[in-house]
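One structure is given here, and the rest of the page talks about it.
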Amino acid sequence: MSAVWERLEPRLGELADLDSALRVLGWDQHVMMPPAGGAGRGRVMGTVQGLAHGRLVDPELGRLLDEAEADETLHDDQTAAVRLARRSYDKATKLPEGLVKEMAELASVAFEAWAEARPANDFSIFQPHLEKMVDLKKKAADAIGWSGERYDALLDDFEPGMTTAEVETLFDELVPALKPVADKILEAAGERPEFLTRTYEVDKQEDFCRWLVEQLGFDMSAGRFDVSPHPFTTHVGRGDVRQTTRYDSNRLLMSIRASIHETGHALFEQGIPEELWGLPTGDIQSLGLHESQSRIWEIQVGTSREFLDFMLPHLKEWFPEELGNLSPDDFYLGVNHPRRSLIRVEADAVTYNLHIALRFELELALFRDEISVRDLPDAFDAGMEKYLGLRPETRADGVLQDMHWAVGGFGYFPTYTLGTLYAAALFDRAREDLPGLCDDLRAGNTTPLLAWLREKVHHVGSRKPGKEIAEEAIGGPLTSEPFLGHLKTKYGELFGVEF
Ligand code: MG
37 MSAVWERLEP RLGELADLDS ALRVLGWDQH VMMPPAGGAG RGRVMGTVQG LAHGRLVDPE
97 LGRLLDEAEA DETLHDDQTA AVRLARRSYD KATKLPEGLV KEMAELASVA FEAWAEARPA
157 NDFSIFQPHL EKMVDLKKKA ADAIGWSGER YDALLDDFEP GMTTAEVETL FDELVPALKP
217 VADKILEAAG ERPEFLTRTY EVDKQEDFCR WLVEQLGFDM SAGRFDVSPH PFTTHVGRGD
277 VRQTTRYDSN RLLMSIRASI HETGHALFEQ GIPEELWGLP TGDIQSLGLH ESQSRIWEIQ
337 VGTSREFLDF MLPHLKEWFP EELGNLSPDD FYLGVNHPRR SLIRVEADAV TYNLHIALRF
397 ELELALFRDE ISVRDLPDAF DAGMEKYLGL RPETRADGVL QDMHWAVGGF GYFPTYTLGT
457 LYAAALFDRA REDLPGLCDD LRAGNTTPLL AWLREKVHHV GSRKPGKEIA EEAIGGPLTS
517 EPFLGHLKTK YGELFGVEF
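If you read the sequence shown in the numbering used here, its first letter stands for residue 37, the second for the next number, and so on.
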């Protein structure tokens with residue numbers, strides 16, 4: 037074994053362990069912690085973060101990476117781990133310590149201001165903090181460096197290896213094609229089926245969702261399934277992947293969708309091969325690829341006629357009175373019933389990416405110095421009108437609806453759309469490779485699809501950039517065609533619309 041690897045590997049393992057510790061603390065904060073624990077937890081997490089940062093920027097790690105890069109005896113997996121560790125090390129060491137501290141402090145202050153501004157419906161409470169945040173993010177991007185444009189450095193935190201120009205090309209192709217398709221679908225959709233708004237006991241929903249996520253392949257002996265206000269998934273470490281969902285007695289389908297979505301993320305994490313645990317290659321860096329795994333289960337599987345035909349009789353066992361008379365046709369229609377929404381997180385598969393397109397466009401304009409934070413609220417409303425045909429009546433339903441910008445998450449939004457596009461393309465390819473896939477889903481058998489995703493995506497981990505993994509699995513370049521095709525086929529059949 038390479039002598040430098042023998043010294044480097046424990047250091048990488050230590051960084052992964054500190055990250056695990058932070059993940060447990062974060063999971064606990066959102067799932068278990070009593071409300072009064074917030075300030076104390078913030079301190080504990082700050083201390084652990086400080087330790088992790090200190091270990092990451094340790095010059096000894098830099099020296100080991102130099103040596104490892106010159107070592108020709110390393111095998112491919114080790115080289116990939118070194119490449120990722122180098123990336124983290126360079127980013128962390130390029131950022132001045134003062135700036136890191138300033139950003140961390142601002143993130144918590146700006147988040148508080150956002151949390152106050154939204155219910156008060158008053159952007160001016162949030163505006164100075166957001167201005168400062170944009171300013172610091174520009175400084176951070178310049179410190180890290182970029183070759184095409186400043187936004188590249190921000191995007192790289194969430195979608196390593198992809199450039200702004202590439203992502204912009206995808207949106208430029210998607211949006212003009214999606215807008216008229218969405219308009220036609222929304223116009224054709226009739227009344228909202230009544231069963232969607234009935235009351236469903238939360239205990240039973242919880243019980244059903246637990247059954248469902250296991251049915252999809254989530255291993256409860258190596259994971260947890262809990263409740264939190266905002267559903268999320270986190271990998272704590274080997275054999276410990278935790279996902280959450282949320283319940284609302286009047287919104288049965290929301291809970292089911294959220295549970296399937298998070299299960300997609302969790303299956304990805306449970307599919308990371310053992311040999312990558314504790315290494316940067318076992319930590320998924322591409323949020324677009326991660327989102328593709330949640331979307332493929334949520335949309336391509338979870339809203340398909342085949343899987344819904346399987347699901348309905350089971351759902352009726354839990355809710356015989358509420359759903360006993362519901363027909364498979366009405367269930368399919370209800371699950372896929374589209375509706376214009378002002379709120380991104382409530383948007384359906386038809387309009388969701390128009391919400392993202394708007395946010396991506398505004399982020400680009402901000403970081404290209406084409407608009408200022410002061411102009412953002414009106415630009416947001418105008419964009420909503422342009423893309424969704426809806427004008428927010430309040431700032432709370434407009435520019436203040438998402439928390440991402442408050443914590444400095446610029447560059448995150450476009451990964452949602454990348455995930456959607458990857459998911460549709462991956463599913464098309466899986467259907468070609470697995471001729472029995474539709475029949476399997478109708479029988480509730482998700483094992484063949486999961487095995488396909490494990491082989492093509494999960495088992496690769498972060499050995500390669502997300503885009504490369506997806507394009508190899510798809511067998512060609514990413515385009516919006518599979519996603520648009522999915523919408524046209526599904527809604528063409530559902531509402532008799534021609535595109
Ligand atoms: Mg997700």
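The C-beta atom is built at its ideal place from N, Cα and C for all residues, glycine as well.
Within 9 Å, strictly: CB atoms of residue i and residue j
{"i": "residue 482", "j": "residue 163", "result": "no"}
{"i": "residue 296", "j": "residue 248", "result": "yes"}
{"i": "residue 389", "j": "residue 211", "result": "yes"}
{"i": "residue 283", "j": "residue 217", "result": "no"}
{"i": "residue 274", "j": "residue 333", "result": "no"}
{"i": "residue 339", "j": "residue 63", "result": "no"}
{"i": "residue 100", "j": "residue 44", "result": "yes"}
{"i": "residue 367", "j": "residue 480", "result": "no"}
{"i": "residue 254", "j": "residue 303", "result": "yes"}
{"i": "residue 404", "j": "residue 185", "result": "yes"}
{"i": "residue 73", "j": "residue 85", "result": "no"}
{"i": "residue 235", "j": "residue 160", "result": "no"}
{"i": "residue 190", "j": "residue 535", "result": "no"}
Residue i, buried or exposed, once every other Cβ within 10 Å from all chains shown has been counted against 16
{"i": "residue 420", "result": "buried"}
{"i": "residue 341", "result": "buried"}
{"i": "residue 435", "result": "buried"}
{"i": "residue 414", "result": "exposed"}
{"i": "residue 256", "result": "exposed"}
{"i": "residue 258", "result": "exposed"}
{"i": "residue 134", "result": "exposed"}
{"i": "residue 233", "result": "exposed"}
{"i": "residue 95", "result": "exposed"}
{"i": "residue 293", "result": "buried"}
Cutoff 8 Å; reference residue i; Cβ partners in own chain excluding five residues on either side
{"i": "residue 196", "result": "123, 321, 322, 501, 502"}
{"i": "residue 427", "result": "417, 420, 421"}
{"i": "residue 89", "result": "128, 136"}
{"i": "residue 93", "result": "125, 128, 129"}
{"i": "residue 221", "result": "374, 386, 523, 527, 531, 533"}
{"i": "residue 509", "result": "462, 465, 492, 493"}
{"i": "residue 168", "result": "142, 146"}
{"i": "residue 401", "result": "407, 415"}
Cβ shell of residue i (< 7 Å), same chain only, five flanking positions each side left out
{"i": "residue 499", "result": "113, 116, 317"}
{"i": "residue 519", "result": "456, 457, 460"}
{"i": "residue 452", "result": "327, 392"}
{"i": "residue 309", "result": "495, 497"}
{"i": "residue 371", "result": "289, 339, 344"}
{"i": "residue 201", "result": "184"}
{"i": "residue 384", "result": "374, 375"}
{"i": "residue 51", "result": "88, 91, 92"}
{"i": "residue 194", "result": "323, 447, 448, 451"}
{"i": "residue 152", "result": "161"}
{"i": "residue 54", "result": "84, 87, 88, 91"}
{"i": "residue 173", "result": "190, 444, 446"}
{"i": "residue 360", "result": "352"}
6 Å Cβ shell around residue i - same chain, five flanking residues per side excluded
{"i": "residue 354", "result": "240, 244"}
{"i": "residue 330", "result": "297, 300, 301"}
{"i": "residue 143", "result": "443, 444"}
{"i": "residue 203", "result": "450"}
{"i": "residue 454", "result": "324"}
{"i": "residue 380", "result": "391"}
{"i": "residue 315", "result": "48, 117"}
{"i": "residue 38", "result": "107, 109, 110"}
Practice task
List in chain order: all unbroken beta strand (DSSP E) runs of 3+ residues lying wholly within the region 203 to 237.
Solution key: Complete beta strand (DSSP E) runs here, min 3: none at all.
Problem - For the ligand MG, residues whose Cβ lies under 6 Å from any non-hydrogen atom - result: These are the residues, in chain order, with a beta carbon less than 6 Å from any non-hydrogen atom of the ligand MG: 297, 301, 327, 330.
Handout entry: Minimum length 4: unbroken alpha helix (DSSP H) runs contained in the region 286 to 312
Key = Segments of the alpha helix (DSSP H) lying fully in the region 286 to 312: 288 to 306.
Handout entry: Length at least 4, wholly inside the region 421 to 480: the alpha helix (DSSP H) runs in chain order
Key = Within the region 421 to 480, the runs of alpha helix (DSSP H) at least 4 residues long that lie entirely inside it are, in chain order, 450 to 469, 473 to 478.
Practice task
Scan the region 488 to 515 and note each continuous alpha helix (DSSP H) run of 4 residues or more that stays entirely inside, going in chain order.
Solution key: Qualifying alpha helix (DSSP H) stretches, in chain order: 502 to 510.
Exercise for the section: For the region 240 to 267, list the beta strand (DSSP E) runs that are entirely contained and at least 3 residues long, ordered along the chain. Expected result: Qualifying beta strand (DSSP E) stretches, in chain order: 259 to 263.
Exercise for the section: Pick out the complete alpha helix (DSSP H) segments inside the region 324 to 399, 4 residues or longer, and give them in chain order. Expected result: Taking only runs of at least 4 residues, the alpha helix (DSSP H) segments lying wholly in the region 324 to 399 are 341 to 354, 356 to 359, 364 to 371.
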